[in-house]
Each structure stands twice: as C-alpha cells, then as structure tokens.
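**Q** Keeping their order, the protein sequence lines are chains A and B.
To convert, count from 1 in the first sequence and add 7; that's the numbering used here.
To convert, count from 1 in the second sequence and add 7; that's the numbering used here.
Every residue, glycine too, gets a C-beta built ideally from N, C-alpha and C.
Computed from a predicted model, the values in this text were never measured in an experiment.
Here you go, one structure.
Protein chains: 2
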Amino acid sequence: MRYYIVDDDSASRMMLKKIIVDGELGLVIGEAENGEKSIAPILSTLPDIVLIDFLMPDLDGIETIEKLKSQGFEGQFIMISQIVNKEMVGEAYKKGIEFFIHKPINKVEVQTILQKTAEQYRLRDSLLTIKESLASFTTAKPALKKQNVGEIVRTKLSDMGIMSEVGSNDLKEIIEMLVYKNNEPNTFPPLIDIYESLAKRQNAEDIKKEMKAIEQRLRRTILAAIQHIATIGSIDYTSREFEHYAPRYFEYQEIRKLMIEVGENRLNSSKIKVNIKKFIQVLYLEVLESYKNI
Amino acid sequence: MRYYIVDDDSASRMMLKKIIVDGELGLVIGEAENGEKSIAPILSTLPDIVLIDFLMPDLDGIETIEKLKSQGFEGQFIMISQIVNKEMVGEAYKKGIEFFIHKPINKVEVQTILQKTAEQYRLRDSLLTIKESLASFTTAKPALKKQNVGEIVRTKLSDMGIMSEVGSNDLKEIIEMLVYKNNEPNTFPPLIDIYESLAKRQNAEDIKKEMKAIEQRLRRTILAAIQHIATIGSIDYTSREFEHYAPRYFEYQEIRKLMIEVGENRLNSSKIKVNIKKFIQVLYLEVLESYKNI
DNA sequence: AGGTTTGTAGGATTTAGTAGGATTTCGTAA
DNA sequence: TTACGAAATCCTACTAAATCCTACAAACCT
C-alpha cells in the first residue's frame with residue numbers, strides 16, 4: 008500500500024509514518040503540511056490511501072477531498088483529527104472517507120484500521136480482477152492489469168535497459184504531462200515547449216539552464232537505449248525487445264551501424280544520430296494506446 | 008446481517024436500532040443492558056455482529072468480548088462508547104474488535120461503518136467460495152505470502168547467484184534504507200551518500216575507510232553477479248534469469264563480452280566494467296515496485 | 001606455507017551540467 | 001520545383017564532481 012499524509016502538525020506526521028513503517032503496512036510516498044500543497048503531488052503519484060487531517064490552514068480536509076475527487080482521484084481517505092463536533096464527522100463520512108480516527112493518535116488503533124482498510128482494498132481489487140477476467144473470457148479479449156502512466160513508461164524504459172539513467176525520470180514526467188494535459192492527441196508540441204513546461208514543473212530556478220540540462224539528459228539516455236538495443240540485436244535479433252523497439256523508437260540505419268560495430272568488437276567509433284523527438288513521440292503514442300485500453 | 012446490541016443506556020440502544028432499521032442494514036435479533044445478561048442469548052442466537060458498549064455495570068465491554076471468544080463465539084464486534092482514554096481504545100482493538108465508534112452517536116458515521124463491516128464480511132465470504140472452488144482443480148497453491156523488503160531483495164540476489172557473497176548484506180541494508188527512508192521515490196541519492204549512511208548504520212569507527220570497503224564489497228559482489236548471469240546466458244540466453252536480469256541490471260555490452268569469452272573457454276582475460284549505480288538503482292526500483300503491492 | 005578473500009589508498013575514467021555553435025526542418029516565396 | 005531564412009533540433013567541448021579501477025597490504029582460511 009502507498010500512503011500519503013496531509014497534516015499541519017509535523018509531530019503527527021512523524022508518528023503516523025513511524026506506525027506505518029514499524030507495522031510494515033506499506034510505504035509513505037509523500038507528505039504535505041496543508042491541503043493546498045498536497046493536491047499536485049497526490050494527483051501525480053496516485054497513492055492508494057490518503058491520511059488527512061480535518062483542521063488545516065488554507066484548505067481544510069473536506070475541501071481537499073472534494074477537490075481531489077473532482078480531479079478524478081480515486082484513492083481512499085482516512086481522516087485523522089481531534090474534532091469533537093459529531094456533525095462534522097458525519098459530513099466527512101458523507102464525503103466518502105473510509106474512516107475517522109480521533110486524535111490523540113493511538114498506535115494500535117491506527118494500525119488496526121490501516122490493516123483493515125488495506126484488506127478491504129485488496130479484497131475489492133481481487134474481486135474486480137476476477138470479474139474482469141470473467142468478462143473478458145466471454146468476449147475473448149485478454150484482460151490487462153490496470154497500470155498508471157508512470158508504470159507503463161517504466162516498463163518500457165526497463166525493457167530498453169535505461170531504467171537507471173538520469174534522464175529516465177524526465178521521460179516519465181514528460182509522458183505524464185503529455186497524457187494528462189495534451190488535449191488533442193493528434194498534435195505534438197515542439198520539444199522546446201516540452202522542455203520548458205518540464206523545467207517549470209521541476210521548480211527550476213533558471214528555466215533556460217534547466218531546459219539545456221534536460222535536453223542533454225534526454226540525449227544521453229536515448230543514446231544509451233540505442234546502444235543497449237543494438238547490443239541485444241547483435242546477440243539475438245529475434246528477441247522481443249529488439250523486434251519491438253529497434254524499428255519504432257530509433258533510426259534503423261543507426262541501429263544497424265552500431266550492430267555491425269558491436270559485432271566487430273570496435274566500440275564507440277563512429278558517431279550516432281540521436282533523434283529525441285522521434286523517441287518521445289513514439290513513447291507517448293504507445294503509452295497513450297495502452298493507457299486507453301485499460 | 009444479524010445484529011445484537013449490548014448497552015446499559017436504553018436511549019442508545021433505541022438509536023442504534025433505528026439506524027439499522029432505517030438504513031436497511033439488517034436485523035436486530037436481540038439486546039441486553041449489560042454484559043452478563045448478553046452472554047447466553049448471544050451464544051444461542053450467534054449474531055454476525057455485536058454492537059457493544061465499553062462501560063457497563065457487572066461485566067464491561069472488554070470482559071464480555073473475552074468471555075464470548077473463550078466460549079467459541081466467532082462473530083465480529085463493534086464497540087460504541089464515550090471513552091476518552093486512548094489506552095482503552097488500543098486495548099479494545101487488541102482484543103479484536105472491528106471498529107471503535109465514539110459517542111455521541113452520529114447516524115452517518117454508524118451507517119457507514121456498519122455498511123463497511125457488512126461489505127467486508129460479504130467480500131471475504133465470496134472470495135472464500137471462489138478459493139474453495141478453485142482448490143478443487145489446483146493442487147499446489149501458490150500462497151501469495153507477504154514478504155518484507157529483505158526477503159524480496161534476497162530472492163533477486165539468489166536469482167543472480169550472489170546470495171553468499173559478502174556484499175549481499177550491504178545490498179540488502181542499502182535497499183532497506185532506501186525503501187524506508189527515501190521520501191521522494193523519484194530521486195536517487197548519490198552513491199557516496201548511500202555509502203556514508205550505511206557506514207554510520209553499521210557503527211563503523213572510521214567512516215571513510217568503511218565507505219571504501221563497502222564500495223569494494225559491492226563491486227566484487229556485482230562482478231560475481233555479472234559473471235554468473237553471463238554464464239547462464241552462454242548456455243541458454245532464453246532462460247528466465249538471463250532475460251530478466253542481463254538487460255536491466257548490467258551494461259549489456261559487458262555481458263556480451265563475457266558471454267563470448269565463456270563460449271570460447273578463455274576466462275578472466277579482459278576487464279569488465281561494473282556499474283554499481285545502475286545495479287543498485289534498478290534493484291531499488293524493482294523492490295519498490297513489488298513492495299508497494301503488499 | 002600457499003592460496004583466497006577482504007580492506008586500503010590513490011589515481012583514472014566517466015558523467016552531468018553548461019554554453020555555444022552546427023545542422024536539420026519547414027513554411028514561404030520565387 | 002528550388003531557394004531562403006528562421007525556428008527547431010541536434011552536436012561538441014569543457015569542467016567539476018561522482019564513480020570506477022588497479023594494485024598492494026592485511027586477514028583469513030585450510
């Protein structure tokens with residue numbers, strides 16, 4: 008389970024985190040000190056469960072939940088607060104929270120409730136999977152496991168052996184931005200615009216410098232992918248990865264050139280052309296395709 | 008659902024009853040004003056869910072639950088009380104109650120929680136049925152066992168044939184540290200920082216020396232992994248281990264170089280590049296992926 | 001003792017960011 | 001169709017920091 012904590016009291020956040028880690032209940036993938044600051048990261052990381060305080064400056068718990076739901080967030084909420092007014096507890100339940108825990112925090116209580124919520128989540132998920140595979144059994148269409156955009160991208164990058172390259176995270180974020188924000192899937196914005204919005208999203212101080220850095224990271228990452236795919240091809244050009252990625256993502260001449268060089272054991276001799284645009288565009292289209300089919 | 012209510016306050020009993028009837032949540036099959044008087048009827052009518060007050064004369068809520076469980080009653084308990092002392096809430100959860108609801112009673116809250124409990128009950132039941140019907144034709148059941156981070160790492164390291172290397176323990180500890188402490192899963196700290204925190208964690212006397220030692224242990228361990236995977240590959244490059252680990256964890260060119268050498272039976276001739284960073288980063292991301300599904 | 005593994009130390013190489021420039025692309029006009 | 005120019009895209013080169021490597025010493029087996 009992946010948790011996100013929203014609470015203006017840092018001591019509470021610490022305690023909750025400790026309870027989750029100690030109880031091996033899952034991962035805390037982020038935290039924020041008020042509703043306003045939590046919106047963007049929650050929408051981009053999509054935690055399974057959000058632990059949220061009721062009383063917070065700027066945006067209170069209920070408003071935050073409303074906002075997240077209106078943006079399509081489907082995770083579960085557990086509210087943790089010291090409210091005594093029972094009307095508000097009722098309100099919170101009406102908004103669809105899973106449970107309301109009263110402060111002060113009690114370790115056993117929180118652990119039990121989180122375990123229960125997680126169990127419920129898994130139970131529902133299992134039943135859903137069964138239901139879907141039964142449905143696809145009748146329509147003869149293979150059932151796909153649901154994934155978010157980040158996961159789809161990561162799978163592909165991992166196939167290309169560049170999961171750990173610095174630029175991989177840039178690629179992931181770029182595709183996320185494109186999938187979530189690009190209204191017309193048939194158009195593709197210029198790379199400069201993409202670099203610029205990514206730089207802004209990363210809160211870079213000097214946007215221009217960051218754009219340059221992004222470009223170089225991407226170039227080097229994609230170059231690594233080319234070399235990797237070419238090496239795969241020189242061992243076994245019938246492999247799934249080679250057949251899929253080599254012709255789609257890269258300039259085929261470049262791959263061929265590299266394969267010949269690899270075969271003759273002379274490395275990094277000639278220069279290779281890196282087509283960043285083609286790579287990102289293909290990646291985007293493929294991700295979009297499999298995302299839509301979910 | 009069949010409910011039984013135990014509460015010394017008749018007004019509370021009335022309200023709960025009304026909530027259950029109004030919300031069409033099920034049937035109230037009996038009630039009692041204290042623990043003592045409830046034991047016999049509960050054991051004879053076996054309700055699915057018992058709503059029980061904490062503070063009651065004669066026999067309090069927790070004692071009643073203990074007594075019923077010791078007599079073999081397997082229904083679920085929901086405690087409803089106006090207790091403020093959080094220790095007692097913890098105690099109640101330890102005794103195995105499903106939920107603790109704070110008085111005064113709020114209609115929406117009680118309804119939501121009863122619905123949830125009922126849903127959980129039905130979900131478990133459905134899954135149990137499915138599992139049993141599946142068991143009739145699957146002999147060996149895979150038993151999706153809950154794993155902790157250490158176990159996931161160990162599985163992968165043993166796939167790569169380096170379980171007994173000295174550096175394996177370092178690897179395990181590094182991944183544990185990263186999974187539990189890294190707040191932003193998208194970023195990856197520099198290796199130097201990782202070495203440093205690991206050295207500190209191991210209470211080394213001379214941190215700098217220990218960092219150097221860690222680095223060498225890791226290098227040698229990963230080199231062993233490369234050689235192991237290359238050997239597998241030179242025998243059968245379609246094997247599961249080779250296909251998975253070779254392209255993701257290592258520089259594929261290096262694997263290729265080694266495979267050719269192994270094939271020609273000339274050993275340890277050329278030097279192999281060891282990419283520690285890539286290895287750890289991929290290991291971390293993969294562990295994270297499988298851990299969050301817990 | 002003889003061989004193997006582990007630790008130590010310093011140096012070599014690679015990588016990521018930065019900046020400027022070269023090349024390619026694409027619409028438009030000749 | 002060809003030529004042109006601006007914009008977009010791609011490439012090279014440099015530096016500091018991170019990462020990787022070699023080689024020898026020490027410790028640990030048998």
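By how many angstroms is the C-alpha of A/Gly82 removed from the C-alpha of A/Ser140?
**A** Annotation: A/Ser140 to A/Gly82 spans about 23 Å, alpha carbon to alpha carbon.
**Q** Going by C-alpha to C-alpha distance, which of B/Met184, B/Phe249, B/Leu265, B/Gln122 sits closest to B/Asn155?
**A** B/Met184
**Q** When we look at the beta-carbon of B/Thr162 and count the other beta-carbons within 10 Å, is it buried (16 or more) or exposed?
**A** exposed
**Q** Please name the residue or residues paired with A/Glu7 in a DSSP beta bridge.
**A** Outside the shown range of chain A, which is 8 to 301, sits residue 7 of chain A, and nothing can be said about it.
**Q** For B/Glu116 and chain A, any beta-carbon pair shorter than 8 Å?
**A** yes
**Q** Does chain B have any CB closer than 8 Å to the CB of A/Lys101?
**A** Closer than 8 Å to some Cβ of chain B, the Cβ of A/Lys101 qualifies, so yes.
**Q** So, is B/Thr52 buried or exposed, given that buried needs 16 or more other C-beta atoms within 10 angstroms?
**A** exposed
**Q** I'd like to know if B/Thr119 contacts chain A, where contact means its C-beta is closer than 8 Å to some C-beta of that chain.
**A** yes
**Q** With DSSP as the reference, identify every bridge partner of A/Phe106, one or two as the case may be.
**A** A/Phe106 is bridged to A/Ile85.
**Q** Can you find at least 3 beta carbon pairs, one from the region 253-272 of chain A and one from the region 8-28 of chain B, that sit closer than 8 Å?
**A** no
**Q** Looking only at DSSP bridge pairs, what is B/Ile262 linked to?
**A** The partner list for B/Ile262 (beta bridge, DSSP) is empty, contrary to what the question assumes.
**Q** Looking at the secondary structure, which residues open and close the alpha helix (DSSP H) in which B/Ile221 lies?
**A** 214-242
**Q** Using C-beta distances below 7 Å, list every residue in its chain close to A/Ser175, excluding the 5 sequence neighbours before and after it, in chain order.
**A** Leu164, Ile169, Thr228
**Q** Any residues in the region 27-38 of chain B with a beta carbon nearer than 8 Å to a beta carbon of chain A? Which ones, in chain order?
**A** none
**Q** Whose C-alpha, out of A/Tyr187, A/Val186, A/Leu121, A/Lys216, is nearest the C-alpha of A/Ile199?
**A** A/Lys216
**Q** Can you list, in chain order, the residues of the region 168-193 of chain A whose Cβ is nearer than 7 Å to any Cβ on chain B?
**A** Gly168, Met170, Ser171, Asn176
**Q** I'd like the span of the beta strand (DSSP E) that includes A/Ile26, first residue to last.
**A** Segment 17-29 is the alpha helix (DSSP H) holding A/Ile26; no beta strand (DSSP E) there.
**Q** Kindly say whether A/Asp243, judged by its beta-carbon, lies nearer than 8 Å to any beta-carbon of chain B.
**A** With 8 Å as the cut-off, A/Asp243 counts as an interface residue toward chain B.
**Q** Going by beta-carbon coordinates alone, are B/Ser50 and B/Ile12 separated by less than 8 Å?
**A** The displayed chain sequence assigns Leu, not Ser, to residue 50 of chain B. Going by C-beta atoms, B/Leu50 is not nearer than 8 Å to B/Ile12.
**Q** When the distance is taken between beta carbons, is B/Ile159 closer than 8 Å to B/Val294?
**A** yes
**Q** Taking only beta carbons into account, state which residues of the region 121-143 of chain B come closer than 8 Å to chain A, listed in chain order.
**A** Lys123, Glu126, Gln127, Leu130, Arg131, Ser133, Leu134, Ile137
**Q** Taking the alpha helix (DSSP H) that B/Ile287 belongs to, which residues open and close that run?
**A** Here the alpha helix (DSSP H) through B/Ile287 covers 283-298.
**Q** Around the C-beta of B/Asn113, are 16 or more other C-beta atoms found within 10 angstroms, so that it is buried, or is it exposed?
**A** Residue environment analysis places B/Asn113 among the buried positions, since at least 16 neighbouring C-beta atoms fall within 10 angstroms of its C-beta.
**Q** Name the residue from A/Thr136, A/Asn92, A/Leu66, A/Thr124 whose alpha carbon lies nearest to the alpha carbon of A/Asn41.
**A** A/Leu66
**Q** Which residues in chain B have a C-beta closer than 7 Å to the C-beta of A/Pro254? List them in chain order.
**A** Under the 7 Å cutoff, chain B gives no residues; its nearest Cβ is about 18 Å from A/Pro254.
**Q** I want to see whether chain A comes within less than 8 Å of B/Lys148, judged by CB atoms only; does it?
**A** Residue placement at B/Lys148 cannot be trusted, given a pLDDT of 42 that sits under 50; what the coordinates show is reported in the next sentence. Closer than 8 Å: no.
**Q** Would a check of beta-carbon distances place A/Thr228 closer than 8 Å to chain B?
**A** Not closer than 8 Å to any Cβ of chain B, the Cβ of A/Thr228 fails to qualify, so no.
**Q** Confirm, please, whether the CB-CB distance from A/Leu134 to A/Leu32 is below 8 Å.
**A** The answer is no: Cβ separation not under 8 Å.
**Q** Output yes if chain A places a C-beta closer than 8 Å to the C-beta of B/Val281; else output no.
**A** no
**Q** At a Cβ threshold of 8 Å, is B/Thr208 touching chain A?
**A** It should be noted that the sequence gives Arg, not Thr, for residue 208 of chain B. Contact with chain A is absent for B/Arg208, since none of that chain's Cβ atoms lies less than 8 Å from the residue's Cβ.
**Q** Please confirm whether B/Gln260 has its beta-carbon closer than 8 Å to some beta-carbon of chain A.
**A** yes
**Q** Kindly indicate the opening and closing residues of the beta strand (DSSP E) around A/Asp67.
**A** Premise fails: A/Asp67 is in no beta strand (DSSP E) and is neither H nor E.
**Q** Closest to A/Lys110 by C-alpha separation, out of A/Asp14, A/Val281, A/Lys285, would be which residue?
**A** A/Asp14
**Q** Mind checking A/Pro197: buried by the 16 CB within 10 Å criterion, or exposed?
**A** Looking at its Cβ environment, which holds fewer than 16 other Cβ atoms inside 10 Å, A/Pro197 is exposed.
**Q** May I ask you to report which of helix, strand or coil DSSP gives B/Ala147?
**A** With a pLDDT of 48 at B/Ala147, under the threshold of 50, the predicted position of this residue should be treated as unreliable, though the coordinate-derived value follows. Three-state DSSP puts B/Ala147 in coil, outside helix and strand.
**Q** What residues in its chain sit with their C-beta under 7 Å from that of B/Glu73, if we drop five residues either side in the sequence?
**A** Lys102
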